[in-house]
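Worksheet: one structure, shown below.
Number of protein chains: 4
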Amino acid sequence: MDSPHAYNRVAGHSVERLAALSDGIFGVGMTLLVLDLRVPESELVHDERGLAYALLAILPQGIMYLMSFATLGIFWVGQQTQLNHLDRSDRHLTWIHIAFLFGVTLLPFSTKLLAEYYHYRTALAAYWLNILFLGSMLYASWGYAFRNGLLKADVGAGTASAVCRRIIWAQSLYALGAALCLVDTRLSIAAIVAVQLYYVAAPGYRRAVGSPNP
Amino acid sequence: MDSPHAYNRVAGHSVERLAALSDGIFGVGMTLLVLDLRVPESELVHDERGLAYALLAILPQGIMYLMSFATLGIFWVGQQTQLNHLDRSDRHLTWIHIAFLFGVTLLPFSTKLLAEYYHYRTALAAYWLNILFLGSMLYASWGYAFRNGLLKADVGAGTASAVCRRIIWAQSLYALGAALCLVDTRLSIAAIVAVQLYYVAAPGYRRAVGSPNP
Amino acid sequence: MDSPHAYNRVAGHSVERLAALSDGIFGVGMTLLVLDLRVPESELVHDERGLAYALLAILPQGIMYLMSFATLGIFWVGQQTQLNHLDRSDRHLTWIHIAFLFGVTLLPFSTKLLAEYYHYRTALAAYWLNILFLGSMLYASWGYAFRNGLLKADVGAGTASAVCRRIIWAQSLYALGAALCLVDTRLSIAAIVAVQLYYVAAPGYRRAVGSPNP
Amino acid sequence: MDSPHAYNRVAGHSVERLAALSDGIFGVGMTLLVLDLRVPESELVHDERGLAYALLAILPQGIMYLMSFATLGIFWVGQQTQLNHLDRSDRHLTWIHIAFLFGVTLLPFSTKLLAEYYHYRTALAAYWLNILFLGSMLYASWGYAFRNGLLKADVGAGTASAVCRRIIWAQSLYALGAALCLVDTRLSIAAIVAVQLYYVAAPGYRRAVGSPNP
């Protein structure tokens, strides 16, 4: 009986609870930034046109919120996909996911930072480090689950490596986009948004799924 | 083996997780606006009557909060009904629902905007666009699920088209209500609230369900 | 085919989703008030004794937070008990519960109001109306579920009426406590807290459960 | 028929609901503190170097947030492990867990207090009392469940006592760390962080689990 590890062996096994905690944290994170969207001050608005202009003035903030929401959505789908394929968890895997969730709670902050300082490379670097951290944790958790036999029996080697390749591809594109800040930070942001839109829309996916010989 | 789509084919399949994320976001959204209900400043209140007046003064805000809560409730019931009839999800459907949830997080903002600027058509238009966006996403997700065979086997064509008709009816009534702002924005708000109350109360529903020959 | 009600007949059936939404709303509500607990300003604290006094100064707020948390806990247990005994829901029952949840989100506000104006009958009346509303909604939902055959098959008439009696008893005690404000509002608050503590502790419960002949 | 206890006997039985409420509260708690991380004021930042310095200036807050997140993570894993081994709950056990959750919502406050007043023993004592309260509630709930036969059938006496030992060990280490504040509060904080890191990393765990003769 390996006494000091007896507790650790029974800790953190529930994938469902991990999923529920994640959904709670993502749910709060996805609504936090909207708190920064302030209704225009009524002293400054005197007619319809004034209100329309005031709303246009907070549009950049709104777009930044949309971008943050989409980024959280991408990582939520990624994490959900991984958890779906887990047969069970263990305490190390649980902690890798908690680290991932820490990165999730920071994302609204890095997005706000980038929105305020979009012409600063430092802000872009901070945003990119956040994305990199999230990708690394997803990669680490998948690799750990694969090596320690925590995946479901029906997850073939094909799916297992597809997930890894996907993370590496996405992170390479993000890194490339971030590197463009050496030219211009706005170019860099545009590239990152383009990568994100690509992953949201996934063009060609339905055609591939619907094909008779998948 | 269609490699670039291998990941997409396993992503976003869990209806349960989508439901859990939605409940988290609705839960936060439904409590956010109450943060704006401020307890009256104690410097301004000197006796029972003063406190009663101070509470009356924030009643309009309270009613606006109730209206926002009811609207979120209507869309929560709508989305829950749809998810209940899904056999499974896929990545496109998941993203349509995430877009829907984005609209949900904006609703407290548009409600506040309308509360502050209830005599402005611009505010009413913004509120109506939010409602329209939510309805469109619900319609899109149901249509997508129907066309791609993601509905449960026991969902007959009757139920499928009842859901579509319901969304179109509700949205037509909302659009009609919004159009009344050409006359008076307050008339418009009253009409929208009346439509919402109708959908909350659903008069005649129990009688119909309880009838021997349904 | 009763067309206008076809949608209503399939809407709002999921007890699990209703429970998940409730847990989200209770979870947010139970943490909202702690945001009002402010760490003492460092300008006002110069030594250990100063910090201890500053913490003592926010103790009343802390106790009010504990009271609000306990009240939410009582109603969470009540609502959870009801939902556990539901076989299924329907759209009316779902809306009664959403109304209940509206009362839940107001509770942090009424508690803050009472904390700030504990010597005002108006504040006590507002707090009591909130409690009364919550109890009424629980009573309405249980009665509706009972009359319309939505309870699980193993819920005997004994349990069904025990739940009703419980709500009426608790509400009578709260009303009695609130009526004491005609003498002194502080007496009234003490009585309400005593009732709450009684329901939290439930003295004699374990002895009764553990007895050989229950 | 023991009438006054009839309600209590059916109340609070759902472990799943208790888990869902906990995940909601932990989820909100884990994101609350990030609200205090403020993006640097743009008036104070004039170039890349200025932004980098401004970010460095809020690094201590960031570390404190990480520490609070990790502490919540530790107690989340602990509570999740306990709930996983419960066969069912009853109303007393539910209330012990609600008390535990109360301590959880206070943790962001005590962490902020310690961050602001890290050189004050009073702040350290408050933080430690919070940790002690959480540990005590976990111990109480496990003991109660064990004594009243609420654990799952497959939980052997070995696991049952391993959980108790674990809590006592951890709390002893925390108490020892807190006692170091008699020398220096910073030494005390370092010791507590070291204990937390040890429990997060759990060195040697995988080796023990993966060994052929566990």
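Residue numbers (the working numbering), protein chains in the order written: chain A, 1 to 214; chain B, 215 to 428; chain C, 429 to 642; chain D, 643 to 856.
Note that beta-carbon positions come from the ideal geometry of N, C-alpha and C, so glycine has one too.
In DSSP terms, what residue i is bridged to
i: D:L793; result: D:L728
CB contact check: residue i to chain C, cutoff 7 Å
i: B:D304; result: no
i: D:S710; result: no
i: B:T399; result: no
i: B:Y388; result: no
i: B:Y331; result: no
i: D:Y847; result: no
Min CB distance residue i to chain B below 7 Å
i: C:N436; result: yes
i: A:A202; result: yes
i: C:V462; result: no
i: C:I486; result: no
i: A:V52; result: What sits at residue 52 of chain A in the sequence shown is Ala, not Val. Yes, its Cβ sits closer than 7 Å to a Cβ of chain B.
i: C:A590; result: no
i: A:Q82; result: no
i: A:Y199; result: no
i: A:L101; result: no
i: C:L552; result: no
i: C:I526; result: yes
i: A:V39; result: yes
i: C:L541; result: yes
Any chain D beta carbon closer than 7 Å to residue i
i: A:S14; result: yes
i: A:N213; result: Summary for A:N213: the model assigns pLDDT 37, below 50, so the residue's position carries little reliability; its value from the coordinates is reported in the next sentence. Answer no: the Cβ-Cβ gap between A:N213 and chain D never drops below 7 Å.
i: C:G476; result: First, the residue type needs correcting, since residue 476 of chain C is Glu and not Gly in the sequence shown. So yes, C:E476 belongs to the interface.
i: C:G571; result: no
i: C:R565; result: Here residue 565 of chain C turns out to be Met, not Arg, going by the sequence shown. Not closer than 7 Å to any Cβ of chain D, the Cβ of C:M565 fails to qualify, so no.
i: A:L243; result: Nothing about residue 243 of chain A can be reported from this structure: the residues present for chain A run from 1 to 214 only.
i: A:T31; result: no
i: C:Q624; result: no
i: A:R17; result: yes
i: C:G455; result: yes
i: A:A179; result: no
i: C:L449; result: no
i: A:E43; result: no
Terminal residues of the alpha helix (DSSP H) in which residue i lies
i: C:V611; result: Neither: C:V611 is in no alpha helix (DSSP H) and is coded neither H nor E.
i: B:G372; result: 371 to 393
Cβ of residue i within 7 Å of any chain A Cβ
i: D:D796; result: no
i: B:F323; result: yes
i: D:Q813; result: no
i: B:Y334; result: yes
i: D:G666; result: yes
i: B:A354; result: no
i: D:L735; result: no
i: B:T319; result: yes
i: D:G791; result: no
i: B:A225; result: yes
Taking only runs that begin and end inside the stretch 229 to 303 of chain B, name each unbroken alpha helix (DSSP H) of 4 or more residues, in chain order.
Listed in chain order, they are 229 to 246, 262 to 271, 273 to 298.
Every unbroken alpha helix (DSSP H) within the stretch 98 to 153 of chain A, with a cutoff of 4 residues, ordered by chain:
Whole alpha helix (DSSP H) segments, 4+ residues: 121 to 147.
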